[in-house]
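Peer 1:
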Amino acid sequence: MILDLMRREKKKFLGILLVPLMFGLVAYLIPGMPGGAWGGGLGASVLATVGGAEISSKEFIGSYQRFLRSGQFPYDRQFLKTLQIDRQILNQLVSREVMLNEAKRLGIDATANELQQKIFALPYFQDNGNFAFNRYKAILEQNGMTVPQFEDGVREEIIQEKLRNLITDSVTVSDKEIEQEFRDRNEKSKISYVSFEPSKFTNAVVLQEADIKAHYDQNKESYRIPEQRRAKYLFAETAALRAGIQIPEAELKSYYQQNLTTYQLPEKVRASHILLKTEGKSPEESEKIKAKATDLLLQVRKGADFGELAKKNSEDAVSAANGGDLGAFARGAMVPEFEQASFSLGVGAISDLVKTQFGYHIIKVVEKQPAHTQTFEEVENLIRPTLLQRKAEQKAQELADNAFTLAKNNKSFDQIATELKISVQETPLFQQGGSIPLIGNSPEFSSKVFALKEKEVGSPTRIPNGFALPLLVETKAPYVPALDEVRAKVEDALKASKAAELAKTKAQEFAQKAKTAGGLEKLANSYPVEVKTSEEFTRNGTLQDLGSSSPFDSFAF
């Protein structure tokens, strides 16, 4: 039965099969990954080159920040590091360029009509079923995107979809391949393990001066410091300007009226549910699950506490912890069957069993919020900072443009700063693409400075919290520092290397003894290790403390 389903879904399974192949290709391109083509990190202004296209650190940072804003995962650095989110995002950017290059070679493009249809169909931009341009523009603006940027992204999505269809339509997948893929995706394993962490052996490492010097001599190039530059800049700061700006109430109300669609809230329902999953289950198992769901529904209708039943029985782990509460949601947020049932019920009502692709749901409507437009008083405090920031940025840009004109007329930075009441700042020496004190990460400013000749003034550049007019003061050529200048780095690197060697030796020794000792537990007390047991994982999965499961897959499966 499952095999029949998979036969009907061959195209989907082929897409699944293609993903590891694509990621295997791009892994070679990712800095820091084993076998990567470059040794640089995120400080580089260009992270990858695919064909003639460059993926910049700015593009990567923008994608990373959009991911964080999406709220798909909690903003926990260690958690994101464990999932290797940064590499996944860079993989996606490289994959996109690989696909777009191939599409261009094959002459695949998106027409204006296709682009329009795609955007018009998106529910977020609709008002009563019709596309609303003001709503479209306002939503993009709130998410830090312009209309051309968004439409370029949609165009690329259409092109990639056409390329995928072209590939999948011309390739067949055998039943054996599908069955193997099903096993790969659903077979699970669990391992016990000990981890020999190099950090636990660092204190046992003793460095000799001869070793330090030898390590430095062998690795001199890795300590090479690239070209550095120092710049002065006139700084028109938006925060300082914002404090002196007043927004009349009439202007606030005018903005409110012009953007009224932005403050139109859709109809919403707040509901709780109990979910019993049927994904991947046989028809016989699904019938038993349905019977259990029916029994739970009868208990609810006889007065049983819905929240308690959800906590004990619901297989939606996130909502179950809150008594099944899903929070408030608008149309388009849930699968159609769930949405239809939720919006058709009255407050306090309990649904019949609702079957979706996930399983059987019992839904209770907790609250309903009719569609309405927020009043000016409700949103005034949201509008004011928006207009203050906009006016401050306009003023900052005007000051920077005036400063540039005065600089071209041979006025000094100090004279311009006094005349325009803006500040003069100076950077320390910094590398291209690196973080700059008082500025932070600003690829635009960095690129501008590294394109200047000494004593040359660059055009106004947007930086965090304002606009800057740079003047190149000093250029320091790349050089290999003397040992004393980088001694601490050399010692840390050598110590880490020796600690890793010691950890590996101890791990190999432990592994040999464990084969005859009858398990890990009997040896663990004699070493600085702790026996741990992993959660269940699939091939190419993720282990909480160990990251990717790939190194363990051949052993575990």
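Its first residue numbered 0, the sequence shown is counted upward by one per residue in numbering that gives the first Met the number 0.
Every residue, glycine too, gets a C-beta built ideally from N, C-alpha and C.
Values in this document were obtained by computation on a predicted structure and should not be read as measured data.
When the distance is taken between beta carbons, is residue 342 closer than 9 angstroms to residue 266?
Peer 2: yes
Peer 1: From residue 249 to residue 236, what distance separates their C-alpha atoms?
Peer 2: 26 angstroms
Peer 1: According to DSSP, is residue 430 part of a helix, a strand, or is it coil?
Peer 2: strand
Peer 1: How should residue 549 be labelled, buried or exposed, when 16 other C-beta atoms within 10 angstroms of its C-beta is the threshold for buried?
Peer 2: Its Cβ having fewer than 16 others within 10 Å, residue 549 is exposed.
Peer 1: Could you pull out every residue in the same chain whose Cβ sits closer than 7 angstroms to the Cβ of residue 62, ignoring the five residues on either side in sequence?
Peer 2: The beta carbon of residue 62 lies closer than 7 angstroms to those of 88 and 92 in the same chain, with the five residues before and after it left out.
Peer 1: Along the chain, where does the alpha helix (DSSP H) containing residue 417 start, and where does it finish?
Peer 2: Here the alpha helix (DSSP H) through residue 417 covers 412–419.
Peer 1: Less than 9 angstroms separating the beta-carbons of residue 509 and residue 190?
Peer 2: no
Peer 1: Using the rule of at least 16 other Cβ atoms within 10 Å of the residue's Cβ for burial, across every protein chain shown, is residue 274 buried or exposed?
Peer 2: buried
Peer 1: Take residue 366 as the anchor and find which of 269, 479, 480 and 129 has the nearest alpha-carbon.
Peer 2: 269
Peer 1: Who are the Cβ neighbours of residue 476 in its own chain at under 8 angstroms, not counting the five residues just before and after it?
Peer 2: Cβ neighbours of residue 476 within its own chain (closer than 8 angstroms, five residues either side excluded): 226.
Peer 1: How big is the Cα-Cα spacing for residue 495 and residue 206?
Peer 2: 11 angstroms
Peer 1: If I measure Cβ to Cβ from residue 555 and keep anything under 6 angstroms in the same chain, skipping five residues before and after, which residues do I get?
Peer 2: Answer for residue 555: 188 and 190, listed in chain order.
Peer 1: Taking a contact to mean a Cβ-Cβ separation below 9 angstroms, would you say residue 214 touches residue 492 in this structure?
Peer 2: yes
Peer 1: Using a Cβ-Cβ cut-off of 6 angstroms (strictly less than) and excluding sequence neighbours within five positions of residue 425, which residues of its own chain qualify?
Peer 2: Taking residue 425 as the centre and dropping the five residues before and after it, the same chain places the C-beta of 231 closer than 6 angstroms to its C-beta, in chain order.
Peer 1: Taking the straight line between their C-alpha atoms, what separation do you get for residue 133 and residue 125?
Peer 2: 10 angstroms
Peer 1: Measuring only the C-alpha atoms, how far is residue 480 from residue 160?
Peer 2: The alpha-carbon atoms of residue 480 and residue 160 are separated by roughly 50 angstroms.
Peer 1: Please report the straight-line C-alpha distance between residue 388 and residue 399, rounded to a whole angstrom.
Peer 2: 16 angstroms
Peer 1: Between residue 458 and residue 536, which are expected to be in contact by the criterion C-beta below 8 angstroms, what is the C-beta distance as a whole number of angstroms?
Peer 2: Contact doesn't hold; Cβ gap of about 53 angstroms is too wide.
Peer 1: Which whole-angstrom value describes the C-beta separation of residue 371 and residue 264, a residue pair presumed to lie in contact below a C-beta threshold of 8 angstroms?
Peer 2: 6 angstroms
Peer 1: Given this structure, state the Cα-to-Cα distance separating residue 352 from residue 261, to the nearest angstrom.
Peer 2: Rounded to the nearest angstrom, the two C-alpha atoms are 36 angstroms apart.
Peer 1: Alpha helix (DSSP H) containing residue 639: first to last residue?
Peer 2: What is shown of the chain runs 0 to 556, which leaves residue 639 out entirely.
Peer 1: Quick check: residue 596 and residue 436, are their CB atoms within less than 9 angstroms of each other?
Peer 2: Only positions 0 to 556 of the chain appear in the structure, and residue 596 is not among them; the question remains open.
Peer 1: What is the DSSP secondary structure of residue 236, reduced to helix, strand or coil?
Peer 2: strand
Peer 1: Whole angstroms are fine: how far does the CA of residue 145 sit from the CA of residue 136?
Peer 2: Cα to Cα, the separation comes out at about 8 angstroms.
Peer 1: What residue range does the alpha helix (DSSP H) around residue 551 cover?
Peer 2: 549–555
Peer 1: Hey, out of 181, 525 and 417, whose CA is closest to residue 512's CA?
Peer 2: 525
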